[in-house]
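*Asks:* I'd like to ask some things about the structure below.
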Amino acid sequence: MFSLKQITLYEIHLPLIEPFTISSGTQDIRRITLIEVLDNDGYTGWGECVASEYPNYSPETIDTSWIAIKQWIAPRVLGKTIAGPEEIFPFLQQDIRGHLMAKAAVEMACWELTAQKQTIPLSKLLGGTRTSVESGISLGIQKTPEDLLRKVKTAIDHGYRKIKIKIKPGSDIEYIRFIREELGMQSPLMVDANNAYTLNDADVFKEMDEFGLLMIEQPLAWDDLVRHAELQKQIKTPVCLDESITGIDRVEDMHKLGSGKIVNIKPGRVGGFASSIAIHDYCMKHNIPVWCGGMLESGVGRAHNVALASLPNFTIPGDISPSKRYWEKDIVDPEWEMNDGSMTVPLDKAGMGVEVDHDRIENLIVRKEEI
């Protein structure tokens, strides 16, 4: 049980080591909103809002989420006696439509606070069973197939267990065929379209069946389950849904329609941990594999992803790369490291298992607001 006394919002800017390109654009600096919650007993918890600068992945942005937290979410939770963090998401769903990433940031910070209060690891509070989680890497769209090959070879050398290749029309078949011809069929490859195609492009994905891919992620429109079902009927490669899955209801619809065979669970996209656990449990019951995607998070968001991915049905390596994959210097201590293709789940500390580097954050702050 806890009662929140204060919520502090921090916007920081973290430069990426190299630009990251997907079908809808390129990022070289990540604007990040961090959330710090403080309860009346003096315990704190940290969260991260995964919204992007532009509404090209979801309708939310870093600026709209800031407004949502300040004007609607914080006033609803501050001062309220809350029995447990699992109560927060249903409570926030009442009369506040959408804004799932803003809700998730506060909700997940409260789970971290609860783990601190109970002096247990966050992963255990969520129901995690693993001591390590396998790591995958996401490779942005490259200028040439040869450039992509170099990136894939480096990823293999570093020991990543899954290699996700971003694609878009004109940067798809030629690229993947070149990789398979050069490296053979054994490399664990998948592609991610970030909804860059339509059902008229079905022949592209039929051709991809020959490449032995683990999955094709979100090929069609972000809110379209019907056409994904039609595409899945036409191809052998499993369709994995990402942007289309915003809650347990969408997973149920996906399963009934046959819109996909794999689910990417990003806790920030679905409203937080309670929703993520519900999706995980439904998928496990219906033999649908899940994995944890990434949103260019700092070490705080990465800590939350590692904790979630320790649940038993996360059977596919997630996009959970070490800190050095994206940042010259992260904002947590210790920074996240990968050993033998896996990340260790922190089990020797309460909460998320890493400490926030307050001095580092202070040097990166662009704006700060206490509520």
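Residue numbers for the sequence shown follow this note's numbering, so the first one is 2 and each next one is one higher.
Even glycine gets a Cβ: it sits at the ideal position worked out from N, Cα and C.
Because the structure is a prediction, the values reported are computed rather than measured.
Kindly list the residues whose CB is nearer than 7 Å to the CB of Leu232, restricted to its own chain and excluding five residues on each side of it in sequence; keep chain order.
*Replies:* Leu200, Ala203, Phe206, Pro220, Leu221 and Val240
*Asks:* Would you call the segment 127 to 137 and the segment 153 to 166 in contact, with 3 or more CB pairs under 8 Å?
*Replies:* Counting Cβ pairs under 8 Å, three or more are found: they touch.
*Asks:* Have a look at Gly80, Gly319 and Ile30 and flag the residue whose alpha-carbon is nearest the alpha-carbon of Ser343.
*Replies:* The residue among Gly80, Gly319 and Ile30 with its C-alpha nearest the C-alpha of Ser343 is Gly319.
*Asks:* Under the rule that 16 or more other beta-carbon atoms within 10 Å means buried, what is His100, buried or exposed?
*Replies:* His100 is classed as buried because its beta carbon has at least 16 other beta carbons within 10 Å across all chains shown.
*Asks:* Per DSSP, Ser311 is paired with what?
*Replies:* Paired residues: none, contrary to the question.
*Asks:* With H, G and I counted as helix, E and B as strand and the rest as coil, what does DSSP make of Lys144?
*Replies:* coil
*Asks:* Alpha carbon to alpha carbon, how far is Cys293 from Asp250? Give it in angstroms, no decimals.
*Replies:* C-alpha of Asp250 to C-alpha of Cys293: approximately 18 Å in a straight line.
*Asks:* Taking only runs of the alpha helix (DSSP H) that begin and end inside the segment 193 to 225, which ones reach a length of at least 4 residues, in chain order?
*Replies:* 203 to 209
*Asks:* Could you tell me which uninterrupted alpha helix (DSSP H) segments, each at least 4 residues in length, are contained entirely in the segment 149 to 177, listed from first to last along the chain?
*Replies:* Taking only runs of at least 4 residues, no alpha helix (DSSP H) segment lies wholly in the segment 149 to 177.
*Asks:* Considering only DSSP beta bridges, list what Val271 is partnered with.
*Replies:* Partner(s): none; Val271 has no beta bridge.
*Asks:* Between the C-alpha atoms of Met215 and Leu190, what's the straight-line distance to the nearest angstrom?
*Replies:* For the sequence presented, residue 215 should be read as Leu rather than Met. Roughly 6 Å separates the two Cα atoms.
*Asks:* If you count every other CB in all the chains shown that lies within 10 Å of the CB of Glu182, and 16 or more means buried, which is it?
*Replies:* exposed
*Asks:* What number of angstroms, rounded off, separates the C-alpha of Asp29 from the C-alpha of Ile68?
*Replies:* 24 Å
*Asks:* Can you name the residues that DSSP bridges to Arg32?
*Replies:* His14
*Asks:* Tell me, which residues are paired with Trp47 by DSSP?
*Replies:* Glu37
*Asks:* I need the DSSP call for Ser124, collapsed to helix, strand or coil.
*Replies:* helix
*Asks:* What is the C-beta distance between Trp112 and Leu93, in whole angstroms, given that I count them as a contact (C-beta under 8 Å)?
*Replies:* Wrong, their Cβ atoms sit about 14 Å apart, outside the cutoff.
*Asks:* For Val1, does the three-state DSSP call read helix, strand or coil?
*Replies:* The question about residue 1 has no answer here: the residues shown for the chain are numbered 2 through 372.
*Asks:* Using a threshold of 8 Å, state whether the C-beta atoms of Trp47 and Ile63 are closer than that.
*Replies:* No, these two residues do not count as a Cβ contact at 8 Å.
*Asks:* Tell me whether Thr373 is buried or exposed, calling it buried when 16 or more other Cβ atoms sit within 10 Å of its Cβ.
*Replies:* With the chain covering only 2 through 372, there is no way to say anything about residue 373.
*Asks:* Whose C-alpha, out of Ile280, Thr238 and Ile13, is nearest the C-alpha of Phe212?
*Replies:* Thr238
*Asks:* DSSP on Thr374, reduced to helix/strand/coil?
*Replies:* A question about residue 374 goes unanswered here, because the residues of the chain that appear run from 2 up to 372.
*Asks:* What does DSSP give as the partner residues of Cys241 in its beta bridges?
*Replies:* Glu218 and Ile263
*Asks:* On a CA-only basis, which of Ser260, Val333, Arg178 and Ile217 is nearest Asp224? Give me that one, please.
*Replies:* The option with the nearest alpha carbon to Asp224 is Ser260.
*Asks:* Is the beta carbon of His305 less than 8 Å from the beta carbon of Pro268?
*Replies:* Result yes, Cβ atoms of His305 and Pro268 sit closer than 8 Å.
*Asks:* Ile18 and Tyr283: beta carbons closer than 8 Å?
*Replies:* no
*Asks:* Check each candidate in Ile97, Gln119, Glu108 and Ala103 and name the one with the smallest Cα separation from Asp42.
*Replies:* Gln119
*Asks:* Look up Met191 in the DSSP assignment and give the residues it is bridged to.
*Replies:* Lys165
*Asks:* Buried or exposed: where does Ser4 fall if 16 or more other Cβ atoms within 10 Å of its Cβ makes it buried?
*Replies:* exposed
*Asks:* DSSP beta-bridge partners for Arg361?
*Replies:* Answer is none; Arg361 lacks a bridge partner.
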